[in-house]
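This report concerns only the one structure given below.
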Amino acid sequence: MTTTAPPRPAAPPTPPPPPSPGRRVLARLLRWWRQLTAMRTALVLLFLLAVASIPGSLLPQRSLSQSNVTQYFADHPTLAPWLDRLFLFDVFSSPWFAAIYLLLFISLIGCVLPRALEHGRSLTAPPPVAPRHLHRLPEHAELPSALAGPAALDVVEEELRVRRFRVARRDGRSGPEVSAEKGYLRETGNVLFHLSLLALLLGLAGGKMWGYEGSILVTEGQGFCNAFQQYDTYSAGPLVDSAELSPLCVDLADFQAEYEEDLTAASYTADLSYELDGGDPVDTTIGVNDPLRIDGDRVYVTGHGYSPEFTVTLPDGTTFSDLSAPFLPADQGTMLSQGVLKLPDLGAGRTDQLAIEGFFAPTGVLQAGVVTSVDPRPLDPQVGIIVYTGYLGLDSGLAQSVYSLDQRLIDRGSLTEQARANLVVGESLTLPDGTVVTFSGYQQFAALQVSHDPGQVWVLGAAIAVLVGLLGMLLVRRERVFARVGPAPDGGGTVLSIGSLTRGSADTGPRFTALTDDLRTALAARTPASSPSAEEAPPS
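Residues 611 to 1150 in this note's numbering are what the sequence shown lists, from first letter to last.
Below is the structure:
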């Protein structure tokens, strides 16, 4: 008797080798890319971009008004520095806003471009093959006909082409069939909408990269040229070369402000004279919503105010007349304005400097000894001023506002108050050293903004394309119709099976009913008249 050795146990299968670190990194990056380019991610980023824009609408922005930002710091000395650390006064140029913008841009590219290529291929592809069970479609019907199968499909094809369907005819697995489709403009509108949104982001980004804007207060009779050094505040894209700004110079001849009966501003108009690259001056008038457009630049009037004029007569008889500086409105309703006139040079032999600080009231009244205004129109101009002498600190190298004095100089005694008074036009204030300061009148100034945005036309075109694409998405229906012929149950004629599938519309019954009614009429019209039977034939 022989014995057999027990079988050896099978060796366990060798596990596959783990992927290399490079493949793991590539797989992770690919997974992140698919998540970033998903439509859901694009919608989330678009929502975040809208939320991130809210602080830019609620808080003053340096790019629009540095004075409003300064006033916010004065009103909220504890909160403002923390908001500034979060770039909330420069929202649209902040790193976190740029990161959201860039991610949204990349996500839209990854979403839209593959979809656009797929739609481009579908435009040249024939309609899809008819499904095997037409009776499972949302709308279906069977139409008996005495015509042969090819003739019945000819009727269907003609009727669908009249309705502007793209028609494909083929021999399917279940017999001869017709496939038709229309409404490609719906998907075209969808692709156009997203491509236009991408172009809109590109236009906005291009405007920020190559655009610039500057703001300046110009008193009547004065002017400026398009140079960053002359603007009170300006912002420019990183690709802007200050040496390549358009050679535009503007002079303000006159400014008019009109008010409603309730003293709200009705309109601002400014009479300008401008010249480009040393050419002949051209006169024009601009308004708030009617800017000067020239050579890619736009000059807007964004506000106005008053520049009180003073005459300073020194003890030796030297007179300085028509001295003025813009006073910024502290109350937009009454145009009560605050500012300072700094006079660093009063002639040879005089070492101290002079400053006139105070308020200008277009229609002034005294309340508890303080000048205030009750009307924005210059019906009774008055000023309440304080005159300082000493050192203004203009040559110290430290930045200071041109619209106010440095309080630290007053606290240290570098500037000393000499006198104060409330004056109407023509009245004077005499300082202890014999210097006479006279309030001689006023001029109006216009707040002008020069803006250059090369992406503006692209943004406008993209916005129009967005609306066109949205209309295509909302108004056009994507509709497919399939038809197939088969023999009639009694062996005479054929049965035409027809089904419809419509996207973007809940009520498709009337359209399908109208189609089947027209097909019945057309099939009946194509059926030849039957010949008389033998029983009805006349006797020979």
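Beta carbons: idealized from backbone N, C-alpha and C, even for Gly.
Since this is a predicted model, take the numbers as computed values, not measurements.
The bridge partners DSSP lists for residue 1072 come to none. DSSP, read as helix, strand or coil, puts residue 838 in helix.
About 4 Å separates the beta carbon of residue 790 from that of residue 775, a gap short enough to meet the 8 Å contact definition. The three-state reading of DSSP puts residue 678 in helix, counting H, G and I together. In this structure, residue 1051 lies near residue 919, with their beta-carbon atoms less than 8 Å apart. If you check the CB distance, residue 779 and residue 757 do not come in under 8 Å. Here the alpha carbon of residue 999 sits roughly 11 Å from the alpha carbon of residue 956. Under the three-state reduction of DSSP output, residue 1037 falls in the coil class, being neither helix nor strand. One thing to note: residue 858 has its Cβ no nearer than 8 Å to the Cβ of residue 828. Rounded to whole angstroms, the gap between the alpha carbons of residue 804 and residue 793 is 18 Å. Rounded to the nearest angstrom, the Cβ distance from residue 1107 to residue 1096 is 7 Å, consistent with a contact under 8 Å. Collapsing the DSSP output to three states places residue 632 in a helix. With contact defined as three or more Cβ pairs closer than 8 Å, the segment 938-954 and the segment 838-846 are not in contact. Residue 1034 is a Cβ neighbour of residue 992, given a cutoff of 8 Å. Contact between residue 777 and residue 767 holds: CB atoms are separated by about 5 Å, below the 8 Å threshold. Counting only the Cα atoms, residue 1127 lies some 23 Å from residue 1086. Residue 986 counts as buried, since no fewer than 16 other beta carbons sit within 10 angstroms of its beta carbon. Closest option to residue 848, judged by alpha-carbon separation, among 961, 1121 and 703: 703. Segment contact: the segment 1073-1082 against the segment 697-712, fewer than three CB-CB distances shorter than 8 Å; contact not assigned. Secondary structure at residue 1086: coil, using DSSP grouped into helix, strand and coil. Residue range 822-829 is occupied by the beta strand (DSSP E) that includes residue 827, with no alpha helix (DSSP H) assigned at that position. By the 16-neighbour rule on beta-carbons within 10 angstroms, residue 989 is exposed.
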